[in-house]
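Written out below as structure tokens is the structure these notes cover.
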Amino acid sequence: MIFASIKFRLTALFLAISFVTLSGLGIFLYYQLESITIGSIDSHLHSEVQLIAGMVEIEDGRVKVDLHEIAAGDYAVPLSGHYFQVVEGKPISGSWPVVDGRPASARIVARSASLGRVDASLPFGELHFKGVYKTVDGPAKKPLRLGEQTFVIDGRTVTVQASESLKDTHRLLASYRNSLLMILPAVFFLSAGAVFLLARFSLASLNVFSAKVGAITEQNLGDRLEEKGLPSELLPLAENFNTMMSRLEESFEGQRRFLSDASHQLRTPAAVIKGYCDVTLGRDRDGKEYRESLEKINNAVVRMTGVIERILESARAEGVSRGTAGFKELDLMEVVTDAVRLLKESAQGRGIRVSLKGESRKVSGDRLRLVEAVSNVVDNAIKYNREGGEVLIELSASDGYAVLTVDDSGVGIEESARGRIFERFYRSDETSAEVAGSGLGLSIVRSILQAHGGDVDCEGRGSAGARFILRLPLVS
Ligand code: ADP
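With our numbering applied, the sequence shown corresponds to residues 155 to 630, in that order.
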């Protein structure tokens with residue numbers, strides 16, 4: 155579980171990166187310091203070797219060194235680590251130390267008092283005509299930095315060696331190494347702690363976020379996350395969450411309104427039925443009276459059934475979503491022809507002439523649902539028309555959409571009502587008294603068209619009747 159935590163992962167990643175970086179940096183700096191100090195010793199040894207070489211002279215066939223200038227200081231302290239030595243001749247492998255006067259071809263012609271007083275010598279193995287610097291074990295097994303160079307002076311081979319003790323350098327490096335070993339782990343753990351705290355602090359908003367989400371019920375759908383002060387990474391999450399909550403709230407509110415409107419619609423006919431039952435059963439009645447009551451009850455039941463049917467249709471229309479199974483390529487002209495055929499009788503009953511213009515337009519959708527949508531609009535154009543009026547249906551295309559306009563010669567729609575007629579259960583005051591209906595038809599039409607990627611709108615044309623415009627995307 156802990157491995158799944160962002161805090162843990164961030165800290166572990168930081169630890170790994172800083173471990174590699176800090177230890178790499180420490181090792182690099184250590185070797186840099188070593189090479190700088192050894193480099194400065196080497197350059198000092200180089201000057202010493204050149205200085206001593208300048209003092210070598212050949213006098214009466216003998217190699218002589220004038221030691222006056224350099225014999226003092228550390229060169230005079232026995233086993234100080236500061237040594238020099240001048241050797242004449244070539245070394246014979248394995249024959250060092252050279253014993254003066256023996257047949258060995260190399261011999262020490264001069265050495266510092268720091269060597270001479272304890273009869274010690276510097277290791278000598280090869281001739282180097284270019285200066286050479288190396289770390290060796292000197293007298294008393296103490297580490298030394300040794301510089302040496304061979305010169306040919308008046309035909310004689312003379313090697314000058316000078317050395318310096320590495321004791322101080324080694325002490326300096328050891329103390330630097332110890333400091334690194336103390337400081338680096340401290341920096342490492344301190345910064346890891348800081349990263350952990352920082353991650354914890356930054357992610358604290360997530361905890362608030364998840365507590366808020368966990369506390370949401372249908373009672374507090376209006377709550378929103380505070381966006382101010384959130385880290386920029388969490389801001390889009392909070393914004394999207396709040397947008398989602400607004401949509402949910404709207405949809406819940408819609409459902410609640412729908413439920414209350416539906417119950418309201420059903421309550422009126424139910425109350426009518428109850429009223430007739432109470433009155434009829436109040437006393438004994440003859441057959442004719444029972445018959446009249448039953449007829450009134452039957453009318454109320456028919457109205458009720460109509461409303462229930464519409465509610466079911468409305469719920470079904472909500473369920474259709476774009477691209478669902480059952481969507482097929484179809485000709486909208488055929489859909490409109492089917493809808494008009496269904497309403498032929500009711501149009502004829504009121505002496506209304508329905509005419510259809512246009513040509514075939516391909517759309518994708520659910521045929522039954524689209525017939526239902528078109529017939530709702532045409533049915534309204536007949537219902538809210540005057541006796542002997544006209545309905546003009548025209549199918550055309552524009553901007554990638556099939557456009558169906560339905561014009562009627564009826565009462566038209568007041569400007570103030572135009573925005574509301576697509577709401578569920580809305581019925582305008584003027585028409586509802588004369589024409590039976592549930593106020594659900596146009597909301598069903600809009601749901602079906604929107605589910606198909608289209609929409610419906612209306613334009614009142616004043617006393618000249620109403621115009622409904624349905625749009626559906628064309629199949630290319
Ligand atoms: P219903 O027809 O069952 O009342 P609708 O949702 O189909 O419900 O219509 C809502 C309201 O819009 C109607 O009550 C009516 O007032 C108005 N309306 C719809 N179509 C027309 C039309 N063609 N002419 C005038 N008013 C209309």
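Backbone N, C-alpha and C fix where the C-beta goes; we use that ideal spot for every residue, glycine too.
Handout entry: Coil, strand or helix - Y184 by DSSP
Key = In the displayed model, Y184 falls within a helix according to three-state DSSP.
Exercise for the section: Pull up the DSSP beta-bridge partners for S550, would you. Expected result: Looking at the DSSP assignment, S550 forms a beta bridge with V557.
Practice task
Please indicate yes or no: does the CB of D562 lie closer than 7 Å to some heavy atom of the ligand ADP?
Solution key: D562 Cβ: within cutoff of the ligand ADP.
Handout entry: Among D196, G614 and V557, nearest to I567 - alpha-carbon criterion
Key = Ranked by Cα distance from I567, the options D196, G614 and V557 are led by G614.
Handout entry: D438 classed as buried or exposed, judged by whether at least 16 other C-beta atoms fall within 10 angstroms
Key = By the neighbour-count criterion, in which a residue is buried when 16 or more other Cβ atoms sit within 10 angstroms of its Cβ, D438 is exposed.
Practice task
Would you mind sorting C431 into buried or exposed? The rule is 16 or more other CB atoms within 10 Å of its CB.
Solution key: So C431 counts as exposed.
Exercise for the section: Measuring alpha carbon to alpha carbon, tell me which of T585, R540 and A527 ends up nearest T491. Expected result: Comparing Cα positions, the closest option is A527.
Problem - In DSSP terms, what Q315 is bridged to - result: In DSSP, Q315 forms a bridge with Q239 and E302.
Practice task
Taking D291 as part of the beta strand (DSSP E), name the residues at either end of that continuous run.
Solution key: Going by DSSP, D291 is part of the beta strand (DSSP E) stretching over V286 to D291.
Problem - At least three beta-carbon pairs within less than 8 Å, the region 307-322 to the region 201-218 - result: They touch, by the three-pair rule.
Handout entry: Other residues of its chain near R256: CB distance less than 7 Å, five sequence neighbours each side excluded
Key = Here the model assigns R256 a pLDDT of 45, short of 50, so the residue's position is not dependable, and the following value carries that caveat. Excluding sequence neighbours, R256 sits near nothing in its chain.
Problem - For F168 and L391, the rounded distance between their alpha carbons - result: Cα-Cα distance, rounded: 26 Å.
Handout entry: Proximity to T165 [Cα-Cα], best of D609, A353, E467 and R540
Key = The candidate whose alpha carbon is nearest that of T165 is A353.
Practice task
Look up V210 in the DSSP assignment and say whether it is helix, strand or coil.
Solution key: The answer is strand: DSSP assigns V210 an E or B state.
Handout entry: Distance cut-off 7 Å: S570 Cβ against heavy atoms of the ligand HEM
Key = The ligand HEM is absent from the structure shown, which contains only the ligand ADP.
Practice task
Indicate whether R572 and Y580 have their beta-carbon atoms separated by less than 8 Å.
Solution key: Result no, Cβ atoms of R572 and Y580 do not sit closer than 8 Å.
Problem - Secondary structure of S509, DSSP reduced to three states - result: Strand.
Problem - 7 Å Cβ shell around V629 - same chain, five flanking residues per side excluded - result: The answer, listed in chain order, is E483, K516, V517 and S518.
Exercise for the section: Indicate the three-state DSSP secondary structure (helix, strand or coil) for D492 in the structure shown. Expected result: In the three-state reduction of the DSSP assignment, D492 falls in the helix class.
Practice task
Determine the closest residue to R521 out of R163, E488, K296 and G505, with distance taken between C-alpha atoms.
Solution key: Distance from the Cα of R521 is smallest, within the candidate group R163, E488, K296 and G505, for E488.
Problem - Those residues which DSSP pairs with P423 across a bridge - result: Per DSSP, P423 has no beta-bridge partner at all.
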